[in-house]
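Take a look at the structure below.
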Amino acid sequence: MEFKKEQIDAWKKQHGDIYLITVEDKSCVLRKPTRQELSFVSGITDPMQFTETLLKQLWLGGDEDMQERDEYFLAISSKLDTVLKLKEAEVKKL
Numbered sequence: 002m003e004f005k006k007e008q009i010d011a012w013k014k015q016h017g018d019i020y021l022i023t024v025e026d027k028s029c030v031l032r033k034p035t036r037q038e039l040s041f042v043s044g045i046t047d048p049m050q051f052t053e054t055l056l057k058q059l060w061l062g063g064d065e066d067m068q069e070r071d072e073y074f075l076a077i078s079s080k081l082d083t084v085l086k087l088k089e090a091e092v093k094k095l
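Residue numbers (my numbering): 2 to 95.
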């Protein structure tokens, strides 16, 4: 799926960093989660349900097959850690 530059720019303005995930001929765009969203999904104990819920929350646009067909969903699941990556904090003893 192709995304127009105007749409990408609008998403970036609204959400900050966004991510394009491509699997074969399908693609989608996700945004970073908020603390509230992470708090909500952290209560989900089933890993697949956790991923599915998070994917729905972060979804900005793309091929619906990415959410609905297992082969695409599982491929996205393995890349969500990139979207969730946090900044490194540094601790110094004073």
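All residues carry an ideal CB built from backbone N, CA and C; glycine is no exception. All values derive from a computational prediction rather than experimental measurement.
message: According to DSSP, THR23 sits in a beta bridge with which residue or residues?
response: SER28
Item to complete: Give every residue of the same chain whose Cβ lies closer than 7 angstroms to the Cβ of LEU59, excluding the five residues on either side of it in the sequence, and list them in chain order.
Response: LEU31, ARG32, PRO34, VAL84
task: Within the same chain, show all residues whose beta-carbon is closer than 6 angstroms to that of GLY62, passing over the 5 residues directly before and after it, in chain order.
output: VAL30
Within 10 Å of its beta-carbon, does VAL24 have 16 or more other beta-carbons around it, so buried, or fewer, so exposed? buried
**Message:** One question on the structure: do MET2 and SER43 come within less than 9 angstroms of each other, judged by their Cβ atoms?
**Reply:** no
(message) Based on DSSP bridge pairs, tell me the residues matched to GLY63.
(response) CYS29
Note to self: Since ILE22 and LYS80 should fall inside the 8 angstroms C-beta cutoff, what is the C-beta to C-beta distance between them, to a whole number of angstroms?
What the structure shows: 6 angstroms
Rounded to a whole number of angstroms, what is the C-alpha to C-alpha distance between LYS72 and ILE45? Here residue 72 is Glu; the residue named in the question, Lys, does not match the sequence. Distance between the alpha carbons of GLU72 and ILE45 is about 22 angstroms.
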